[in-house]
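Visitor:
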Amino acid sequence: MDAFIFICLILLAIVLVMTKEYVDSRRFMERKLQQIYAGYGMPPGRSYGAEELSHIRMYYEKHRTADQIDDITWNDLYMDAVYQRMNTCLSAAGDEYLYYRLRTPAADADELEKMERRIALFMEREEERHRLQRIFFMLGRTGRHSIYEYLDHLDLLGERKSDKYFFWDILILLSIGGMFVSLSVGLVCLFGVLCHNLIDYFKEYRQIEPYITSFAYVRRLLKGGEELGKAEISGIEEELAAVREACKSLRGFMKSSYLVSGAKQGSGNPLEVLFDYLRMLFYMDLIRFNRAFHNLQKHMGEVDRLITVTGELECAVAAGSFRKSLEQGFCVPALYEEAGKGISLRARGLYHPLLREAVPNDLEVKRGVLLTGSNASGKSTFLRAVAVNALLAQTVHTCAAASFEAPFYRIYSSMSLRDDLAGGDSYYMVEIKSIKRILDQVEQAEGRPVLCFVDEVLRGTNTVERIAASTQIMKKLAAGHALCFAATHDVELTKLLEREYDNYHFEERIEENDIYFPYRLMDGPASTRNAIALLRMLKYDEHITTAAEAMAERFLREGNWR
């Protein structure tokens, strides 16, 4: 009796511990979800490594199109940082789709209107947003690799057939049947077949073991999709119907992959141990793996569709959170097709979304902009502010501005270039190749106009040739199907290009031996300089600064150096 009571107490303790772990797990999950709900409209605090960013871009790599933002422009605009500032997604599908979205300007106004409906829905309806956030949180991420890397891994496996497994299963049954004819012969045959099957099973299982991770995440994706499909949310009926349809097509995979991805190890239960041996001897999970593998191969399109729709919905949630997190406000851009309205750009209260307490600026242009100003006055930041907002307008239908109006553009830049040591190109070669790609796009008569940004045209060569070549390049851009924003220190260009470009500038103020930048966009070319003044402020030798100032003044008066 004492032993029975002791065993009962042990079992009760086990049940209590398991119950406590379950309750603690649920409480932790609920606390985490409450933090997620409260974090809506707040800048994300997540940090990223270079390896993680390389995995996040895999959906984009699998869905490349000709009109996407190229690597030069993406890097020039620090779009990895913009992505990180915006990304509040909770699942791998959301992470990867948001990256793709930011690199893929919308094809037309209808696409943006559909996105706007989703964004507005989740901004306004908290209960539905929370329901989806819970599903995205449960779906989670894939770990160190992209879901597409896992799916690519499956392609390496090649064709798999179960014929030989069925053949050896039949031999087991024949051996058992043979025991009724001759016990000794039947036993020998059965022992031989079982030994073969056991050895062969472990050999085969080692080949498929790396692929089981792929199955496990696809199953998680489908479970998340099933939960998503159960949601009844007005306004996204089309998306939820697509999720349900994809999950329906993949039911065969869910059934056939259960034992494969849910194999039990070391439980100690005698019945489960017996079942494990039966699985191995009859190749049961290998047969089911092949069946699930073939099911998945036939329905890769549905898996991709499920990732896409899940990503679209979570991207809308993230975009709404990004809007609310912009302390200086946001606007929904007014975009139109260029035909009939011409090339232009109009913005009020425009600022860079990565800057805290940014100085907003107004802008209205119908031809190219030539931007001059002193060092650190804000020229490059302003170019990036215009470019980033133009891109956000066409990708997530959101601008860091009071208003933004423009046609649909193809966006290119040539700003933050460097030597290509691996390719053997100097800075100048990298620069002229970068600008040439923009010229090639502008020369295309068909398609949308180009919106391009160039910082310090041809800075990698001598002054005489730089000014001559820059003038002709800028004139070519102005004459083409493009709106060009360019920043330069070459004041000569403001005169040479005044017929093709509007001149704007940023200025500085030197007060009490200190320099102050108001970061306000001003009409006309720059009339002040600060390079030598900065030398003086940093206590350079007085002879250097005085002589340099005299040389500069003489050049401005006479037009030559001496």
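In my numbering, the protein residues as written are 520 to 1081.
The beta-carbon is built from N, C-alpha and C at its ideal position, and this holds for glycine as well.
Quick check on DSSP: helix, strand or coil for ASN814?
Guide: The residue labelled residue 814 in the question sits at position 295 within the sequence shown. ASN814: helix per DSSP, three-state reduction.
Visitor: Between the C-alpha atoms of TYR579 and LEU572, what's the straight-line distance to the nearest angstrom?
Guide: One-based indexing of the sequence shown puts residue 579 at position 60. One-based indexing of the sequence shown puts residue 572 at position 53. One C-alpha to the other measures close to 12 Å.
Visitor: Determine the burial state of ILE718: buried for a count of at least 16 other Cβ atoms within 10 Å of its Cβ, exposed for fewer.
Guide: For the purposes of this step, residue 718 is taken as residue 199 along the sequence shown, with counting starting at 1. Exposed is the call here.
Visitor: Looking at the strands, I want to know which residues DSSP matches up with GLY478.
Guide: Because the chain is modelled from 520 through 1081, residue 478 falls outside the range shown and cannot be assessed.
Visitor: Looking at the structure shown, is ASP1033 part of a helix, part of a strand, or coil, going by DSSP?
Guide: By one-based count along the sequence shown, residue 1033 stands at place 514. In the structure shown, ASP1033 sits in a strand (DSSP, three-state: E or B).
Visitor: Express the C-alpha separation of PHE656 and ARG636 in angstroms, rounding to a whole number.
Guide: Here residue 636 corresponds to residue number 117 of the sequence shown, with the count starting at 1. Here residue 656 corresponds to residue number 137 of the sequence shown, with the count starting at 1. Each residue's Cα considered, the two are about 23 Å apart.
Visitor: What residue range is occupied by the uninterrupted alpha helix (DSSP H) comprising LEU1054?
Guide: Within the sequence shown, residue 1054 is the residue found at index 535, counting from 1. First-last of the alpha helix (DSSP H) with LEU1054: 1050-1056.
Visitor: Would you kindly work out how many angstroms separate the C-alpha atoms of TYR724 and GLU751, rounded to a whole number?
Guide: Counting from one through the sequence shown, the residue named residue 724 turns up at place 205. Counting from one through the sequence shown, the residue named residue 751 turns up at place 232. Rounded to the nearest angstrom, the two C-alpha atoms are 42 Å apart.
Visitor: Please work out which residues of its chain come closer than 6 Å, Cβ to Cβ, to ARG1081, disregarding the five sequence neighbours upstream and downstream, and give them in chain order.
Guide: Counting from 1 along the sequence shown, the entry for residue 1081 is found at position 562. Within the same chain, ARG1081 has no close Cβ partners at all.
Visitor: If you count every other CB in all the chains shown that lies within 10 Å of the CB of LEU621, and 16 or more means buried, which is it?
Guide: For the purposes of this step, residue 621 is identified with residue 102 of the sequence shown, where counting begins at 1. By the neighbour-count rule (16 or more Cβ atoms within 10 Å), LEU621 is buried.
Visitor: By alpha-carbon positions, which one of LYS955, LEU889, ALA853, LYS843 ends up nearest to MET605?
Guide: Counting from 1 along the sequence shown, the entry for residue 605 is found at position 86. Residue LYS843 is the option with its Cα nearest to MET605.
Visitor: Do you know how far the Cα of TYR802 is from the Cα of LEU832?
Guide: One-based indexing of the sequence shown puts residue 832 at position 313. One-based indexing of the sequence shown puts residue 802 at position 283. Cα-Cα distance, rounded: 41 Å.
Visitor: Please list the terminal residues of the continuous alpha helix (DSSP H) segment that includes ARG725.
Guide: Mapped onto the sequence shown, residue 725 falls at position 206. Note, ARG725: alpha helix (DSSP H), 702-727.
Visitor: According to DSSP, is SER844 helix, strand or coil?
Guide: For this step, residue 844 is matched to residue 325 along the sequence shown. In this structure, SER844 counts as helix in the three-state DSSP scheme.
Visitor: Can a CB atom of chain B be found closer than 7 Å to the CB of LEU1075?
Guide: Among the protein chains of the structure shown there is no chain B, as only one such chain exists.
Visitor: For ASN594, which of ILE930, GLY743, VAL884 has the nearest alpha-carbon?
Guide: If you number the sequence shown from 1, residue 594 lands on position 75. Ranking ILE930, GLY743, VAL884 by Cα distance to ASN594 puts ILE930 first.
Visitor: Indicate whether TYR684 and LEU797 have their beta-carbon atoms separated by less than 7 Å.
Guide: To locate residue 684, count along the sequence shown from 1; it is residue 165. To locate residue 797, count along the sequence shown from 1; it is residue 278. No, the pair does not count as a contact, with Cβ atoms beyond the cut-off.
Visitor: Rounding to the nearest angstrom, what Cα-Cα distance links SER935 and ASP974 in this structure?
Guide: Taking the first residue of the sequence shown as position 1, residue 935 is located at position 416. Taking the first residue of the sequence shown as position 1, residue 974 is located at position 455. Those two C-alpha atoms are separated by around 8 Å.
Visitor: At 3 residues or longer, and completely inside the segment 870-921: list those beta strand (DSSP E) runs for me, N to C.
Guide: Whole beta strand (DSSP E) segments, 3+ residues: 880-884, 887-892.
Visitor: For LEU713, which option in SER701, ILE727, ILE689 has the closest C-alpha, if you only look at C-alpha atoms?
Guide: Position 194 of the sequence shown, counted from the first residue, corresponds to residue 713. Minimum Cα distance to LEU713 is reached at ILE689.
Visitor: Go ahead and pull the three-state DSSP assignment for GLN784.
Guide: Looking up residue 784 in the sequence shown gives position 265. With a pLDDT of 44 at GLN784, under the threshold of 50, the modelled position of that residue is not reliable, and no figure is offered here.
Visitor: Report, in whole angstroms, the separation of the C-beta atoms of ILE691 and LEU709, which I expect to be a contact under 8 Å.
Guide: Position 172 of the sequence shown, counting from 1, holds the residue named residue 691. Position 190 of the sequence shown, counting from 1, holds the residue named residue 709. Right, their Cβ atoms sit about 7 Å apart.
Visitor: Use the C-beta contact count for SER703: other C-beta atoms within 10 angstroms, 16 or more gives buried, fewer gives exposed.
Guide: Sequence index remark: in the sequence shown, residue 703 carries index 184 (1-based). It is exposed - the Cβ of SER703 has fewer than 16 other Cβ atoms within 10 Å.
Visitor: I want to know whether the segment 733-748 touches the segment 759-777 - three or more CB-CB distances under 8 Å.
Guide: Output reads yes: the segment 759-777 touches the segment 733-748.
Visitor: Quick test of your reading: ALA920 and LEU977, contact by CB under 8 Å. State the CB separation rounded to the nearest angstrom.
Guide: In the sequence shown, the residue the question calls residue 920 occupies position 401. In the sequence shown, the residue the question calls residue 977 occupies position 458. That belief does not hold up - the Cβ atoms of ALA920 and LEU977 are roughly 31 Å apart, past 8 Å.
Visitor: If you follow the beta strand (DSSP E) that VAL969 is part of, which residue opens it and which one closes it?
Guide: If you number the sequence shown from 1, residue 969 lands on position 450. Segment 969-974, the beta strand (DSSP E) holding VAL969.
Visitor: Are the Cβ atoms of ALA866 and PHE901 separated by less than 7 Å?
Guide: Here residue 866 refers to the residue found at position 347 of the sequence shown. Here residue 901 refers to the residue found at position 382 of the sequence shown. Their beta carbons are not under 7 Å apart, which means ALA866 does not touch PHE901 by this criterion.
Visitor: So what does DSSP say about ALA866, is it helix, strand or coil?
Guide: Within the sequence shown, residue 866 is the residue found at index 347, counting from 1. Three-state DSSP puts ALA866 in a strand.
Visitor: Tell me the rounded alpha-carbon separation between GLY1078 and GLU1061.
Guide: Locating residue 1078 in the sequence shown gives position 559, where the first residue counts as 1. Locating residue 1061 in the sequence shown gives position 542, where the first residue counts as 1. Rounded to the nearest angstrom, the two C-alpha atoms are 25 Å apart.
Visitor: At which residue ranges does the segment 568-629 contain complete alpha helix (DSSP H) runs of 4 or more residues, listed in the order of the chain?
Guide: Entirely contained in the segment 568-629, the alpha helix (DSSP H) runs reaching 4 residues are, in chain order, 569-575, 577-581, 590-595, 598-605, 611-621.
Visitor: Please state if the CB of LEU1054 and the CB of THR1047 are separated by a distance shorter than 7 Å.
Guide: Walking along the sequence shown from the start, residue 1047 turns up at place 528. Walking along the sequence shown from the start, residue 1054 turns up at place 535. Cβ atoms of THR1047 and LEU1054: not closer than 7 Å.
Visitor: Per DSSP, PHE923 is paired with what?
Guide: Position 404 of the sequence shown, counted from the start, is the residue given in the question as residue 923. PHE923 pairs with ALA866.
Visitor: Considering only DSSP beta bridges, list what SER932 is partnered with.
Guide: Within the sequence shown, residue 932 is the residue found at index 413, counting from 1. According to DSSP, which records beta bridges pairwise, SER932 is partnered with PHE972.
Visitor: Please classify GLY785 as buried or exposed, where buried requires at least 16 other C-beta atoms within 10 Å of its C-beta.
Guide: By 1-based counting over the sequence shown, the position of residue 785 is 266. Confidence at GLY785 is low in this model, with a pLDDT of 44, below 50, so the placement of that residue is unreliable and no value is reported for it.
Visitor: Just how far apart, CA to CA, sit SER566 and LEU910?
Guide: On the sequence shown, residue 566 is found 47 positions in, with the first residue counted as 1. On the sequence shown, residue 910 is found 391 positions in, with the first residue counted as 1. Going by the C-alpha atoms only, they are around 23 Å apart.
Visitor: Hey, could you find the ends of the beta strand (DSSP E) LEU676 is sitting in?
Guide: Locating residue 676 in the sequence shown gives position 157, where the first residue counts as 1. Counting along the chain, LEU676 falls outside any beta strand (DSSP E), and DSSP gives it neither H nor E.
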